[in-house]
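To convert, take the position in the sequence shown, counting from 1, and add 634; that gives this note's numbering. Ideal Cβ positions, reconstructed from N, Cα and C, are used throughout, including at glycine. Small disclaimer: the values here were computed from a predicted structure and weren't measured. Presented below is the structure to which this report refers.
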Amino acid sequence: MIQFYGQISGNVEVHPIGRILLAGVILFALAWLWSLWTSFSLLREASQVSLESLESFTTGQVKLAEPQIILALGTLPDWKKTGDVIARTFEFKDFSAAMDFTNAVAALAEQAQHHPDIDVRWNKVTLALSTHDAGGLTEKDFALARQCDALALR
C-alpha cells in the first residue's frame, strides 16, 4: 500500500492536455478581468458625460463645418450621419425598457430645449438629432447624443 501512495505523490509528468487546459483557464481569467476593467472604464466615462453641464446646450447654436462633424462623430461610433441629421437606434430588452429610455430622453431634451425626433418600435428606439434653427448639426446635437449614450448604459 505504501508503494501505491508513493507512486501517486511522486514526480509524475503532467500530460500535455493538462497544460493546455491550465493555459486555457489562465487565458479565460485574463480575458474576464480585461472585460471587467473595460466595463468599469466605460461606466466611469458615461457617468462623467452625464455630469456634463447644460451650458453646452445653450451655446451650441452655430452650425458645425464638415471637419468638425467628422471629429465629433469619431467620439460617437454608433451614431450615423445622413444629410444634416445624426441618428442611432437603441435596442432594449422589452417595450417597457424602451419607453423608460424614451421618457428619460424626453426629460433631458426638455431641460436642454432641444427636441430630437424619436421613433419607438417595440424594443427599439431611434433618435434623430439636428438643430433646425441653425440649419444643420451643432454642438448641441453631439452633446445630447453623448447624454443619450450615457442614459442607455444605465
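Distance CB(residue i)-CB(residue j) smaller than 8 Å
| i | j | result |
| --- | --- | --- |
| residue 761 | residue 721 | yes |
| residue 714 | residue 772 | no |
| residue 787 | residue 676 | yes |
Euclidean distance between Cα positions of residue i and residue j
| i | j | result |
| --- | --- | --- |
| residue 694 | residue 705 | Because the pLDDT of residue 694 is 49, which lies under 50, any placement of that residue in the model is unreliable, and the number read from its coordinates should be weighed accordingly. Residue 694 and residue 705: Cα-Cα distance of roughly 16 Å. |
| residue 731 | residue 750 | 19 Å |
| residue 666 | residue 654 | 18 Å |
| residue 738 | residue 659 | 42 Å |
Reduced DSSP secondary structure (H/G/I, E/B, other) of residue i
| i | result |
| --- | --- |
| residue 759 | strand |
| residue 674 | helix |
| residue 770 | strand |
Exposure label - residue i; buried when at least 16 CB within 10 Å
| i | result |
| --- | --- |
| residue 748 | buried |
| residue 758 | exposed |
| residue 781 | buried |
| residue 670 | exposed |
| residue 651 | exposed |
| residue 728 | exposed |
Q | Within the stretch 696-730, ranges of the alpha helix (DSSP H) (whole runs, at least 4 residues) | A | 700-708
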